[in-house]
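Comments concern the structure below.
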Amino acid sequence: MTVLPLDVWLIVFDFVPDHNTLWSGVRNVSQHLRACVDDYFLHDVLPECLINLSYSTMHCRPGPSFNYVHLPMRFSRLSDDQTRAIFRQHVFAVPEAHMMIGTVRGWVPFIERYCREMRKATPKVSHRSKSDSLPPLWKRDYSRIYKKLKGKPAWRDGSPLWSYLDTLRSHTSIGRGDRPPYFIKLGGDVHDTELVDLEIDCSSREVSIDWRRTLSAFFVERNFIVLADQKCEPARDYDKALTEVVGDVQSINYNTRWANYDDVDNWCRARRKRLQVWVAANKHRMSTENRLMVEDFVRLARCHMFSYQFEKENIVTMRDRDIETQEVVPERCANDHKALLRWPAGRRNQWAIEKEHRQRAKARRRRGCRGCVVL
304 MTVLPLDVWL
314 IVFDFVPDHN
324 TLWSGVRNVS
334 QHLRACVDDY
344 FLHDVLPECL
354 INLSYSTMHC
364 RPGPSFNYVH
374 LPMRFSRLSD
384 DQTRAIFRQH
394 VFAVPEAHMM
404 IGTVRGWVPF
414 IERYCREMRK
424 ATPKVSHRSK
434 SDSLPPLWKR
444 DYSRIYKKLK
454 GKPAWRDGSP
464 LWSYLDTLRS
474 HTSIGRGDRP
484 PYFIKLGGDV
494 HDTELVDLEI
504 DCSSREVSID
514 WRRTLSAFFV
524 ERNFIVLADQ
534 KCEPARDYDK
544 ALTEVVGDVQ
554 SINYNTRWAN
564 YDDVDNWCRA
574 RRKRLQVWVA
584 ANKHRMSTEN
594 RLMVEDFVRL
604 ARCHMFSYQF
614 EKENIVTMRD
624 RDIETQEVVP
634 ERCANDHKAL
644 LRWPAGRRNQ
654 WAIEKEHRQR
664 AKARRRRGCR
674 GCVVL
């Protein structure tokens with residue numbers, strides 16, 4: 304059988320409606336088509352890819368308020384053997400008022416924490432500057448600020464203490480297993496799937512990844528969403544505990560956006576499916592309501608990735624005045640604070656309640672079997 308040459312396939316691929324069809328479908332037909340699709344992604348898709356590294360100023364700025372830090376990384380070049388894609392830090396031409404310019408070095412503790420949580424290999428970090436031996440600043444200031452703001456109940460929306468704890472809950476969750484400190488944007492799709500075989504160069508402000516395996520992880524989740532959108536039967540629930548506490552969170556009147564949270568989209572379902580192993584191993588650490596809050600933080604951050612801020616024309620090469628050299632970086636992120644993980648304050652942990660109910664039901668069954676006569 305005659306095989307069409309690469310040049311012809313590259314022209315054909317331009318008419319394929321989406322990247323997922325190419326990677327999840329066409330690429331798996333034959334070795335020849337796999338090579339053609341890889342070449343197409345190398346020259347036409349990867350240059351448009353954006354990786355947004357995100358972290359927080361909670362390590363180096365005093366509370367009670369903190370800022371998010373976003374590092375837009377654009378494709379720079381390929382390694383000599385073309386197995387790795389190298390991305391370099393850029394900046395926003397028109398940044399939002401609250402945005403801070405950070406460093407790849409400042410992001411390192413967050414990605415190292417995430418790799419520990421997910422039991423992944425620690426990324427290789429080169430030209431790492433000296434770390435601050437003291438604990439992160441938010442950890443040192445927590446008791447002082449808590450006592451200063453203590454007054455209204457912490458769960459009451461609008462109180463200073465509630466705002467402080469809500470801010471901390473959002474910022475300290477960055478890098479935990481259910482909140483990767485990055486997003487990958489490819490075309491019109493955004494996911495926080497794995498950056499495979501990550502390497503970091505702090506001095507050149509670059510990160511490199513195994514681009515084939517990274518895109519494979521990206522399109523596994525993307526393909527799940529495409530297939531789920533086509534199905535008519537009821538969607539499978541991959542985290543029933545989160546679904547069950549939505550009503551409790553809505554009753555606290557946390558925010559008006561919770562009114563429609565019962566309708567979980569397929570993006571969240573795909574993400575919950577990916578996190579099942581981590582949730583099973585870590586759900587005892589925090590309340591189910593807290594996990595739901597973190598999912599909401601991730602959803603909002605993903606929506607932000609579709610704003611003008613992350614459009615190609617608003618991301619430019621770094622200038623000398625953009626370089627941040629005074630950032631204080633701790634050796635590692637602080638451990639989770641138990642008071643933050645047990646949100647909402649004043650309510651019992653949902654997981655503990657469920658466990659207690661199971662234990663009581665088991666005890667009742669045992670008592671009911673004693674001295675019984677089967678008729």
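Sequential numbering from 304 applies to the sequence shown in the numbering used here.
Glycine included, C-beta positions come from ideal geometry on N, C-alpha and C.
Being a predicted model, the structure only gives us computed values, none of them experimental.
- C-alpha gap between Lys586 and Phe486, whole angstroms: The count along the sequence shown starts at 1 and reaches residue 586 at position 283. The count along the sequence shown starts at 1 and reaches residue 486 at position 183. Lys586 and Phe486 have their alpha carbons spaced roughly 23 Å apart.
- Task: Look at the alpha carbon of Val348 and the alpha carbon of Trp514, and state the distance between them as a whole number of angstroms.
- Result: By 1-based counting over the sequence shown, the position of residue 348 is 45. By 1-based counting over the sequence shown, the position of residue 514 is 211. Straight-line measurement puts the Cα of Trp514 at about 11 Å from the Cα of Val348.
- According to the neighbour-count rule (16 or more other Cβ atoms, all chains shown, within 10 Å of its Cβ), is Cys339 buried or exposed? Numbered from 1 along the sequence shown, position 36 holds the residue referred to as residue 339. Burial of Cys339 is indicated by the presence of at least 16 other C-beta atoms within 10 angstroms of its C-beta.
- Proximity test, Cβ basis, 8 Å: Ser506 and chain B: In the displayed structure, chain B is absent; only one protein chain is listed.
- Query: Between Gln392, Asp384 and Glu536, which lies nearest to Val372 when the distance is taken from Cα to Cα?
  - Reply: Your numbering for residue 372 matches position 69 in the sequence shown. For Val372, the nearest C-alpha among the options comes from Gln392.
- Drop a sphere of 10 angstroms on the beta-carbon of Met361, count the other beta-carbons inside from all chains shown, and report buried for 16 or more, exposed for fewer. The sequence position of residue 361 within the sequence shown is 58, counting from 1. Met361 comes out buried.
- Query: What separation, rounded to the nearest whole angstrom, lies between the Cα atoms of Thr406 and Thr470?
  - Reply: Sequence index remark: in the sequence shown, residue 406 carries index 103 (1-based). Sequence index remark: in the sequence shown, residue 470 carries index 167 (1-based). Approximately 22 Å, taken between the alpha carbons.
- Query: Ordered along the chain, which non-local residues of its own chain (more than five positions away) have a Cβ less than 6 Å from that of Cys352?
  - Reply: Residue 352 sits at position 49 when you count from the first residue of the sequence shown. Here the set comprises Phe378 and Leu489.
- Count the C-beta pairs between the stretch 488–503 and the stretch 524–536 that are closer than 8 Å, then say yes if the count reaches three, no if not. Yes, the stretch 488–503 is in contact with the stretch 524–536.
- Message: Rounding to the nearest angstrom, what Cα-Cα distance links Ala538 and Ala520 in this structure?
- Response: As a first step, residue 538 must be located in the sequence shown, where it is residue number 235. As a first step, residue 520 must be located in the sequence shown, where it is residue number 217. Ala538 and Ala520: Cα-Cα distance of roughly 22 Å.
- Task: Could you check the C-alpha separation between Trp326 and Glu497 for me, to the nearest Å?
- Result: The count along the sequence shown starts at 1 and reaches residue 326 at position 23. The count along the sequence shown starts at 1 and reaches residue 497 at position 194. Each residue's Cα considered, the two are about 17 Å apart.
- Item | Beta bridge counterpart(s) of Lys427 as assigned by DSSP | Position 124 of the sequence shown, counted from the start, is the residue given in the question as residue 427. BP columns for Lys427 point to Glu502.
- Exposed unless 16 or more other CB atoms sit within 10 angstroms - verdict on Ser368: Position 65 of the sequence shown, counting from 1, holds the residue named residue 368. It is exposed - the Cβ of Ser368 has fewer than 16 other Cβ atoms within 10 Å.
- Task: Verify whether the separation of the beta carbon atoms of Asp444 and Gly366 is less than 8 Å.
- Result: By 1-based counting over the sequence shown, the position of residue 444 is 141. By 1-based counting over the sequence shown, the position of residue 366 is 63. Taking 8 Å as the Cβ cut-off, Asp444 and Gly366 qualify as a contacting pair.
- Query: Any idea what DSSP makes of His640, helix, strand or coil?
  - Reply: For the purposes of this step, residue 640 is identified with residue 337 of the sequence shown, where counting begins at 1. The answer is coil: DSSP assigns His640 none of H, G, I, E or B.
- Counterpart residues of Ala388 in DSSP-defined beta bridges: Within the sequence shown, numbered from 1, the residue matching residue 388 stands at position 85. Leu381 and Ile512, per the DSSP bridge assignment.
- Query: So what's Met403 in DSSP terms, helix, strand or just coil?
  - Reply: As a position in the sequence shown, residue 403 is number 100, starting the count at 1. It is a strand residue.
- Keeping to the same chain, check which residues put their C-beta closer than 8 Å to that of Ser429; ignore five residues upstream and five downstream. Stepping through the sequence shown from its first residue, residue 429 is reached at position 126. Cβ neighbours of Ser429 beyond the five flanking positions: Glu502, Ile503, Asp504, Cys505 and Ser506.
- Query: Going straight from the alpha carbon of Arg663 to that of Glu509, what length do you get?
  - Reply: Within the sequence shown, the letter at position 360 stands for residue 663. Within the sequence shown, the letter at position 206 stands for residue 509. Cα to Cα, the separation comes out at about 55 Å.
- When the distance is taken between beta carbons, is Phe600 closer than 8 Å to Arg482? One-based indexing of the sequence shown puts residue 482 at position 179. One-based indexing of the sequence shown puts residue 600 at position 297. In this structure, Arg482 lies near Phe600, with their beta-carbon atoms less than 8 Å apart.
- Report the rounded CA-to-CA distance for Ile354 versus His401, giving the unit in angstroms. Position 51 of the sequence shown, counting from 1, holds the residue named residue 354. Position 98 of the sequence shown, counting from 1, holds the residue named residue 401. Computed Cα separation, rounded: 20 Å.
- Message: Here's a check: name, in chain order, each residue in its chain whose Cβ is nearer than 6 Å to the Cβ of Ala573, leaving out the five neighbours to either side.
- Response: Residue numbering aside, residue 573 sits at position 270 when the sequence shown is read from its first letter. The residues are Glu524, Phe527 and Ile528.
- Enclosing alpha helix (DSSP H) for Thr591 [first to last residue]: Along the sequence shown, one-based indexing puts residue 591 at 288. Under the DSSP assignment, Thr591 falls in the alpha helix (DSSP H) whose first and last residues are Thr591 to His607.
- Query: Which class does Met621 belong to by DSSP, given the choice of helix, strand or coil?
  - Reply: By one-based count along the sequence shown, residue 621 stands at place 318. Met621 falls in the coil class under three-state DSSP.
- Excluding the five sequence neighbours on either side, which residues of its own chain have a C-beta within less than 8 Å of the C-beta of Asn569, listed in chain order? Here residue 569 refers to the residue found at position 266 of the sequence shown. Same-chain partners within the cutoff: Phe527, Ile528, Ala531, Asp532 and Ala538.
- Going by the CB atoms, is the gap between Leu518 and Phe316 shorter than 8 Å? As a working note, residue 316 is residue 13 in the sequence shown. As a working note, residue 518 is residue 215 in the sequence shown. No, they are not a contact pair.
- Expressed to the nearest angstrom, what Euclidean distance is found between the alpha-carbon atoms of Asp341 and Val332? Translated into the one-based positions of the sequence shown, residue 341 becomes position 38. Translated into the one-based positions of the sequence shown, residue 332 becomes position 29. For the pair Asp341 and Val332, the Cα-to-Cα distance works out to about 13 Å.
- Query: Met421 by DSSP, collapsed to three states: which one?
  - Reply: Counting from 1 along the sequence shown, the entry for residue 421 is found at position 118. Correct three-state label for Met421: coil.
- Spell out the partners DSSP gives Lys488 in its beta bridges. Here residue 488 corresponds to residue number 185 of the sequence shown, with the count starting at 1. DSSP output for Lys488 lists Leu353 and Val493 as bridge partner(s).
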